[in-house]
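> Take a look at the following structure, please.
2 protein chains.
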Amino acid sequence: MDMRARTDHPVLDAIADRWSPYAYDPRPVSTADLCSIFEAARWTASSYNEQPWRFIVVPREDEAAFANALDCLVDFNKGWAKDAAVLVFAVAATHYQNNGKPNDKSQYDLGQAVAQLSLEAAVRGIDTHQIGGLFADKVREVYAVPESFDVICGFTLGYAAAPNEGGPEGRTRHPLAALVFGTTWNEPADFLG
Amino acid sequence: MDMRARTDHPVLDAIADRWSPYAYDPRPVSTADLCSIFEAARWTASSYNEQPWRFIVVPREDEAAFANALDCLVDFNKGWAKDAAVLVFAVAATHYQNNGKPNDKSQYDLGQAVAQLSLEAAVRGIDTHQIGGLFADKVREVYAVPESFDVICGFTLGYAAAPNEGGPEGRTRHPLAALVFGTTWNEPADFLG
Chain A
10 MDMRARTDHP
20 VLDAIADRWS
30 PYAYDPRPVS
40 TADLCSIFEA
50 ARWTASSYNE
60 QPWRFIVVPR
70 EDEAAFANAL
80 DCLVDFNKGW
90 AKDAAVLVFA
100 VAATHYQNNG
110 KPNDKSQYDL
120 GQAVAQLSLE
130 AAVRGIDTHQ
140 IGGLFADKVR
150 EVYAVPESFD
160 VICGFTLGYA
170 AAPNEGGPEG
180 RTRHPLAALV
190 FGTTWNEPAD
200 FLG
Chain B
10 MDMRARTDHP
20 VLDAIADRWS
30 PYAYDPRPVS
40 TADLCSIFEA
50 ARWTASSYNE
60 QPWRFIVVPR
70 EDEAAFANAL
80 DCLVDFNKGW
90 AKDAAVLVFA
100 VAATHYQNNG
110 KPNDKSQYDL
120 GQAVAQLSLE
130 AAVRGIDTHQ
140 IGGLFADKVR
150 EVYAVPESFD
160 VICGFTLGYA
170 AAPNEGGPEG
180 RTRHPLAALV
190 FGTTWNEPAD
200 FLG
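Those sequence lines, one after another, are chains A and B.
The numbering used here numbers the first residue of the first sequence as 10 and each following residue consecutively.
The numbering used here numbers the first residue of the second sequence as 10 and each following residue consecutively.
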């Protein structure tokens, strides 16, 4: 099903086509696709080029490992994520490696990295769905995530199955005028006309 | 100058071409480009579709406003950002609008939005450079940012001028094997071979 966003201005196909399915066809993602998807994350910008992101990647082919990964999710997310080809946990460094100071941009930079890999996936017909509802302490324990990284979120990679409820019309966003201001708060930027 | 990343695996042109210049040619960015760039941010994924991002956009054509915006940056960043076509400040909601709880994903989601708009810019030949070194309190004061939003960062939009020191070889990243693990921390995921 075409879930392409009904955009008000033209954007990259990858941006319009990216969406977050709740139903997956459990066929695998190829190695070549996975390499390019994470390569996309690798080239993300970050504060002082710290690259504070790390990813724990669990494909469903490894049944026992995949079951363990699913157990790190809250029940609702376990219910739909179980059919995805790959489950990933995303963690962010707590401190800058170059000077040991707290890195207050690491979650922001991790977000950038996941956005980039989501677009690389989208253009390959691979759908991502990010997951906030998980047990971070359990992820830390199962994968021995060191204290120097925070467990931030997870996401699925795979091929969407069923049509999304509502189709593309169900994909809603605030208007640009509510997001993009000029020098006065809450007043649209001049270029929006 | 071609600053295209020397990637190990193929990725979207926008991802390979995006980089962060320190020198700008001060010609303006068109209204059509600005609209598409922020439209790209608009369609970003976010936790509960909260879209916690807001942008304050200051083009250099408005000299007094641009000077005020530059004054929100630390001296080093003011030095190179002064020639960019547009200076933007990016803020994130502190709480979820749907239930009033603290939004601990808003910085992450803002990072996603800026990544998306940076790629939309890159494919249009427009270069972004994100800025952490700014006076957040001053941004809040100058633009009357309410307490319900945190000032996170800024970024420039414009056309790169001088070649970057070092060219594309100067663009370095950790290898994928140092970023993408399987079920054992610090051991590369199987698909990396």
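By construction, the Cβ of each residue, glycine as well, lies at the ideal position given by its N, Cα and C atoms.
Small disclaimer: the values here were computed from a predicted structure and weren't measured.
If distances are taken between C-alpha atoms only, which option among A94/B, R27/B and S56/B comes closest to D71/B?
On the second sequence, residue 71/B is found 62 positions in, with the first residue counted as 1. Nearest C-alpha to D71/B: A94/B.
> By the three-class DSSP mapping on this structure, what secondary structure does I161/B have?
In the second sequence, residue 161/B corresponds to position 152, counting from 1. Correct three-state label for I161/B: strand.
> Within 8 Å (strictly less), CB to CB, does I135/B reach chain A?
Along the second sequence, one-based indexing puts residue 135/B at 126. Answer no: the Cβ-Cβ gap between I135/B and chain A never drops below 8 Å.
> Please return the same chain residues whose Cβ sits closer than 8 Å to the Cβ of L79/A, not counting the five positions on each side in sequence.
Within the first sequence, residue 79/A is the residue found at index 70, counting from 1. So the list reads K87, A90, K91 and L96, once near-sequence residues are dropped.
> Evaluate S45/B with the Cβ neighbour count: other Cβ atoms within 10 Å of its Cβ, from every protein chain shown; 16 or more gives buried, anything less gives exposed.
In the second sequence, counting from the first residue as 1, residue 45/B sits at position 36. Burial call: buried.
> Considering Cα atoms alone, identify which of A99/A, N107/A and A131/A is closest to L143/A.
Position 134 of the first sequence, counted from the start, is the residue given in the question as residue 143/A. Of A99/A, N107/A and A131/A, the residue nearest in Cα terms is A99/A.
> Find the residues of chain B that neighbour L43/A, judging by a C-beta separation of less than 7 Å, and give them in chain order.
Position 34 of the first sequence holds residue 43/A. F200, listed in chain order.
> Does the distance from the CB of V66/B to the CB of V189/A come in under 8 Å?
In the second sequence, the residue the question calls residue 66/B occupies position 57. In the first sequence, the residue the question calls residue 189/A occupies position 180. Going by C-beta atoms, V66/B is nearer than 8 Å to V189/A.
> Does DSSP classify Q60/A as helix, strand or coil?
In the first sequence, the residue the question calls residue 60/A occupies position 51. Correct three-state label for Q60/A: coil.
> According to DSSP, is Q125/B part of a helix, a strand, or is it coil?
Here residue 125/B is taken as the residue at index 116 of the second sequence, counted from 1. DSSP places Q125/B in helix when its eight states are reduced to three.
> Does T165/B have its Cβ less than 8 Å from a Cβ in chain A?
The count along the second sequence starts at 1 and reaches residue 165/B at position 156. No, its Cβ sits nowhere closer than 8 Å to a Cβ of chain A.
> Do you know how far the Cα of N107/B is from the Cα of A131/B?
Numbered from 1 along the second sequence, position 122 holds the residue referred to as residue 131/B. Numbered from 1 along the second sequence, position 98 holds the residue referred to as residue 107/B. A131/B and N107/B: Cα-Cα distance of roughly 34 Å.
> When you compare each of L185/A, T193/A and D199/A to F47/B by their alpha carbons, which one comes out closest?
For the purposes of this step, residue 47/B is taken as the residue at position 38 of the second sequence. Closest option to F47/B, Cα to Cα, is L185/A.
> Going by alpha carbons, who is nearest to A25/B out of P35/B, R13/B, S56/B and R36/B?
The residue given as residue 25/B occupies position 16 in the second sequence. Checked all of P35/B, R13/B, S56/B and R36/B; the closest Cα to A25/B is R13/B.
> Is it buried or exposed for R51/B, if we count other Cβ within 10 angstroms and need 16 for buried?
Sequence index remark: in the second sequence, residue 51/B carries index 42 (1-based). The residue in question, R51/B, is buried, as its Cβ has 16 or more Cβ neighbours within 10 Å.
> Please determine, among A32/A, A171/A, K114/A and D42/A, the residue with the shortest C-alpha to C-alpha distance to E59/A.
For this step, residue 59/A is matched to residue 50 along the first sequence. Nearest of A32/A, A171/A, K114/A and D42/A to E59/A, Cα basis: K114/A.
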